[in-house]
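**Student:** Mind looking over this structure? Questions follow.
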């Protein structure tokens, strides 16, 4: 099943033996003429997705899941299914927004159960509590490994391109296969720092183009703390005992996600989270890597600027559009930013 | 106490007197002048009352904070629940449109951009955040909010925007999160919205220090329903040929149903307007002098260019007789039922046009075009309103094919003139009009 960004109950898909293949665009120029069916002032993820679906790019999958992440993805969900572009099975997932409330918890549960019923009918498989509980355990373990890699980033002796290629394979691999390679990577975490570059906090939507990471490493910096919607914001850190009722447990897992603007997180809560990420990782600068026209991310930029400027941490805002590779201007800005940080470090 | 006295005086004594004096001066200065010749019909007499009503609202708003509880609310928010608690309600979208008409948006947006807001964000939001940052407003002064209330039925943008306001003002933010509707809302979607309404009331009661009187809520709900009905009747008069007013008139006359919904002042105004429109229909007076073509407008207006656009079109005999935007305010209210305020408000506010799928939207456009006998349509592709604009490229094709009408997709912005290429835009409209020859 193809899945659009960002948050969705992967545990249910796993329990029903459905392979999720995430569609973050796909990156690069639009594949097919249907991109023109959405105006150029809408984000490239949505334009590319419609072009990809309408041109048959996703013919290998049997269905698509559209999470209602933002206005544009919500619009895509109705445009592709009502006005043409996707004729196979389509599902939507609507998550509650506006903070944790009793109503939100109940709605999330109803929405999850409703989606599960639709998927059961579609696959002809039954979702037992045992299957769901096992899927939750599996994803808890995957997230545990991902958290270890991200939190212990400085002690991992690989470059950012390699690390992110590994983490992002989770977007399309079977969870068990992904877990195996994550475990192997966790085994490579050493006791001492292995990264010698300048530590950065990176926040944004999705690390595309991936060449940004190589540019960062080449300039002498590395991602010490991650707040990408595609990566860090989907890593659940749970230390408590799992709820005996798997549905209640699924809700707890959902609510334990890090703050994300697409879920309506309060700004102060999100800023506290980002500051704590920066402090824990010893980040010396912040890279805000946003997709052009991405409203949920763009609205938070002033608060991020204010929060880190007040703490004396330089911030670079870099805007992109799912390009195939980073532009020369963007590379220069990244290099200049890292040089600035290095000069500040020397002066200190 | 002093603040309350100022508030009451501005609303009931000083304000009306000032406005009457202003109107007297205006009439005096125009005495003896011949009415301007132009493509439009005689101006609506009700417009003076509209200006008075809205001016009074904003004038009273200057003294509202400290006198009564103040809520800043989104246009699609179920305001019926705040009225019984005595809130003065300010609509940042309505205020931003005022700034658009006054052409102050570039300056205000610059102020917002200076602190990091991207120019790609909604221009209403940028206008409002710029006003908050600079304190500049054509209304003189805006009251500080005690409560921020947003509903995601018009877009999710309002959630991000109001979060920023909440951080700025340090006051409670209540969010009514309305799940998107495919066909009809699922029962658990309506139940979720209803439960949030109850959560909202609990917060609003705490902020206002009052309890919702159930009887008063029934009365407000009945007035809101009646207001929507009256507004719908006003719009429906444009089915006559010639239409007694223009769709662009409607953009301005919708202000009370947006900002004063649920109040007697709102309904009294629409009774007045409806009477005048019916009279014009009876006497064959049109919104434009020579109506040759009837058009449908989709999406918000371009507030900064309403006059220019309407003149350009009216000169060639084109009249916008209906708009999907103004129609939305007539359709939402009919679902409200005073006998079941919470349940019906939950259903009504979930079924707003922008919170429903494109099949529904196409149905509405098709129906409007037929009911108002339109032979063309302009779909405003609005950079600042993605939920309204996504799908329009397909809707243009469908409307043209199914109804055999000419359809123009016009890219602009509802509030930021910097996103409107005036001359190429005018050329496109001219070419569109020529295609009717």
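Chains as they are written, first to last, in our numbering: chain A, 127 to 474; chain B, 15 to 451.
Where is the CB? At the ideal position from N, CA and C, for every residue including glycine.
1. Looking at C-alpha atoms only, which residue of B:187, B:418, B:73 is the closest neighbour of residue 159 of chain B?
2. What span of residues does the alpha helix (DSSP H) with residue 301 of chain A cover, start to end?
3. Is any beta-carbon of chain B found at less than 7 Å from that of residue 329 of chain A?
4. Distance cutoff 7 Å, beta carbons only. Does residue 194 of chain A sit that close to anything in chain B?
5. Could you check whether the Cβ of residue 202 of chain B sits closer than 7 Å to any Cβ belonging to chain A?
6. With DSSP collapsed to three states, give me the class of residue 31 of chain B.
7. Going along chain A in order, which residues have a C-beta closer than 7 Å to the C-beta of residue 191 of chain B?
8. Roughly how many whole angstroms lie between the Cα atoms of residue 441 of chain A and residue 169 of chain A?
9. By DSSP, does residue 311 of chain B sit in helix, in strand, or in coil?
10. Can you give the Cα-Cα distance for residue 224 of chain B and residue 213 of chain B, rounded to whole angstroms?
11. Which residues in chain A sit within 8 Å of residue 178 of chain B, going by Cβ to Cβ distance?
12. Taking contact to mean 3 or more Cβ pairs, one atom from each stretch, closer than 8 Å, check whether the region 16-25 of chain B and the region 357-365 of chain A are in contact.
13. Classify residue 354 of chain A as helix, strand or coil using the three-state DSSP reduction.
14. Would residue 506 of chain B and residue 242 of chain B be called neighbours here (beta carbons separated by less than 7 Å)?
15. Could you tell me the alpha carbon to alpha carbon distance between residue 402 of chain B and residue 466 of chain A, rounded to whole angstroms?
16. Taking 7 Å as the cut-off, decide whether the C-beta atoms of residue 273 of chain A and residue 361 of chain A are in contact.
17. What does a CB cutoff of less than 6 Å around residue 264 of chain A pick up in its chain, not counting 5 residues either side in sequence?
18. Can you list, in chain order, the residues of its chain with a C-beta nearer than 8 Å to that of residue 355 of chain A? Leave out the 5 residues immediately preceding and following it.
19. Residues of chain B with a CB under 9 Å from the CB of residue 162 of chain A: which are they?
20. Assuming residue 115 of chain B and residue 317 of chain B form a contact by the criterion Cβ under 8 Å, report the distance between their Cβ atoms to the nearest whole angstrom.
21. Can you pull the chain A residues whose beta carbon is under 9 Å from the beta carbon of residue 401 of chain B, in chain order?
22. Would you please state the rounded distance, in angstroms, between the beta carbons of residue 220 of chain A and residue 194 of chain B? I believe it to be under 8 Å.
23. Any C-beta of chain B sitting closer than 7 Å to the C-beta of residue 353 of chain A?
24. Mark residue 313 of chain B as exposed unless 16 or more other C-beta atoms lie within 10 angstroms of its C-beta, in which case mark it buried.
25. Check whether the region 176-196 of chain A and the region 283-290 of chain A are in contact - that is, three or more C-beta pairs closer than 8 Å.
26. Would you list, in sequence order, the uninterrupted alpha helix (DSSP H) runs of no fewer than 4 residues that lie entirely inside the region 366-440 of chain B?
27. Could you tell me if residue 355 of chain B is buried or exposed, where buried requires 16 or more neighbouring beta carbons within 10 angstroms of its beta carbon?
28. What is the rounded straight-line gap between the Cα of residue 315 of chain B and the Cα of residue 263 of chain B?
29. Name the residue from B:302, B:347, B:307 whose alpha carbon lies nearest to the alpha carbon of residue 325 of chain B.
30. Give me the residue from B:420, B:429, B:227, B:432 with the minimum Cα distance to residue 442 of chain B.
31. Based on Cα-Cα distance, which residue from B:429, B:450, B:449 lies nearest to residue 107 of chain B?
32. Determine the chain A residues that contact residue 213 of chain B at a beta-carbon separation under 7 Å, and present them in chain order.
33. Measuring alpha carbon to alpha carbon, tell me which of B:311, B:319, B:282 ends up nearest residue 333 of chain B.
34. For residue 436 of chain A, count neighbouring Cβ atoms within 10 angstroms of its own Cβ and tell me buried if that reaches 16, exposed if not.
35. I need the straight-line Cα distance from residue 290 of chain B to residue 55 of chain B, nearest angstrom please.
36. Quick one: which unbroken beta strand (DSSP E) runs of 3-plus residues sit fully inside the region 33-61 of chain B? Chain order, please.
**Tutor:** The answer reads as follows:
1. By 1-based counting over the second chain, the position of residue 159 of chain B is 145. Of all alpha-carbon atoms in B:187, B:418, B:73, the one lying nearest the alpha-carbon of residue 159 of chain B is that of B:187.
2. The count along the first chain starts at 1 and reaches residue 301 of chain A at position 175. For residue 301 of chain A, the enclosing alpha helix (DSSP H) starts and ends at 301-312.
3. Looking up residue 329 of chain A in the first chain gives position 203. False, the Cβ-Cβ gap to chain B never drops below 7 Å.
4. Along the first chain, one-based indexing puts residue 194 of chain A at 68. Answer yes: the Cβ-Cβ gap between residue 194 of chain A and chain B drops below 7 Å somewhere.
5. Working through the second chain from its first residue, we reach residue 202 of chain B at position 188. Yes, its Cβ sits closer than 7 Å to a Cβ of chain A.
6. Looking up residue 31 of chain B in the second chain gives position 17. Helix at residue 31 of chain B.
7. Taking the first residue of the second chain as position 1, residue 191 of chain B is located at position 177. Those are 222, 223, 224, listed as they occur along chain A.
8. Here residue 441 of chain A corresponds to residue number 315 of the first chain, with the count starting at 1. Here residue 169 of chain A corresponds to residue number 43 of the first chain, with the count starting at 1. Residue 441 of chain A and residue 169 of chain A have their C-alpha atoms roughly 23 Å apart.
9. Working through the second chain from its first residue, we reach residue 311 of chain B at position 297. The answer is strand: DSSP assigns residue 311 of chain B an E or B state.
10. Here residue 224 of chain B refers to the residue found at position 210 of the second chain. Here residue 213 of chain B refers to the residue found at position 199 of the second chain. Approximately 15 Å, taken between the alpha carbons.
11. Looking up residue 178 of chain B in the second chain gives position 164. By Cβ distance, chain A contributes 393, 425, 428, 429.
12. These segments do not touch.
13. The sequence position of residue 354 of chain A within the first chain is 228, counting from 1. Three-state DSSP puts residue 354 of chain A in a strand.
14. The requested residue 506 of chain B does not occur in the structure, where chain B is confined to residues 15 to 451.
15. Taking the second chain and counting its residues from 1, one reaches residue 402 of chain B at position 388. Taking the first chain and counting its residues from 1, one reaches residue 466 of chain A at position 340. Going from the Cα of residue 402 of chain B to the Cα of residue 466 of chain A covers about 43 Å.
16. Here residue 273 of chain A refers to the residue found at position 147 when the first chain is read from its first residue. Here residue 361 of chain A refers to the residue found at position 235 when the first chain is read from its first residue. The criterion of a C-beta distance shorter than 7 Å is satisfied by residue 273 of chain A and residue 361 of chain A.
17. Residue 264 of chain A sits at position 138 when you count from the first residue of the first chain. Same-chain partners within the cutoff: 301.
18. Walking along the first chain from the start, residue 355 of chain A turns up at place 229. Close CB contacts of residue 355 of chain A within its chain, under the 8 Å cut and outside five residues either way in sequence, are with 131, 132, 330, 331, 332, 386, 388, 423 (chain order).
19. Translated into positions along the first chain, residue 162 of chain A becomes position 36. Result: 407.
20. Position 101 of the second chain, counted from the first residue, corresponds to residue 115 of chain B. Position 303 of the second chain, counted from the first residue, corresponds to residue 317 of chain B. Contact flag correct, Cβ pair sits at about 5 Å.
21. In the second chain, residue 401 of chain B corresponds to position 387, counting from 1. The contacting residues are 197, 198, 200, 201.
22. Start at 1 with the first residue of the first chain, and residue 220 of chain A comes out as number 94. Start at 1 with the first residue of the second chain, and residue 194 of chain B comes out as number 180. About 6 Å; that satisfies the 8 Å criterion.
23. Within the first chain, numbered from 1, the residue matching residue 353 of chain A stands at position 227. At a cut-off of 7 Å between beta-carbon atoms, residue 353 of chain A makes no contact with chain B.
24. In the second chain, the residue the question calls residue 313 of chain B occupies position 299. Buried, by the Cβ-count rule.
25. Contact fails between the region 176-196 of chain A and the region 283-290 of chain A, because fewer than three Cβ pairs, one in each stretch, are under 8 Å apart.
26. Runs found: 372-385, 400-403, 406-417.
27. Taking the first residue of the second chain as 1, we reach residue 355 of chain B at position 341. The residue is buried, with at least 16 neighbouring Cβ atoms inside 10 Å.
28. On the second chain, position 301 is the one that residue 315 of chain B refers to. On the second chain, position 249 is the one that residue 263 of chain B refers to. Approximately 11 Å, taken between the alpha carbons.
29. By one-based count along the second chain, residue 325 of chain B stands at place 311. If you compare the alpha carbons of B:302, B:347, B:307 with that of residue 325 of chain B, the shortest gap goes to B:302.
30. Translated into the one-based positions of the second chain, residue 442 of chain B becomes position 428. When the alpha-carbon of residue 442 of chain B is set against those of B:420, B:429, B:227, B:432, the nearest one is in B:420.
31. As a position in the second chain, residue 107 of chain B is number 93, starting the count at 1. Considering only alpha carbons, the answer is B:429.
32. As a working note, residue 213 of chain B is residue 199 in the second chain. Residues of chain A passing the Cβ test: 227, 229.
33. Looking up residue 333 of chain B in the second chain gives position 319. Selection B:311, B:319, B:282 evaluated against residue 333 of chain B yields B:311 as nearest (Cα-Cα).
34. Residue 436 of chain A sits at position 310 when you count from the first residue of the first chain. By the neighbour-count criterion, in which 16 or more other beta carbons inside 10 Å mark a residue as buried, residue 436 of chain A falls on the exposed side.
35. Looking up residue 290 of chain B in the second chain gives position 276. Looking up residue 55 of chain B in the second chain gives position 41. The alpha-carbon atoms of residue 290 of chain B and residue 55 of chain B are separated by roughly 13 Å.
36. If we require 3 residues or more, the region 33-61 of chain B turns out to have no beta strand (DSSP E) run fully inside it.
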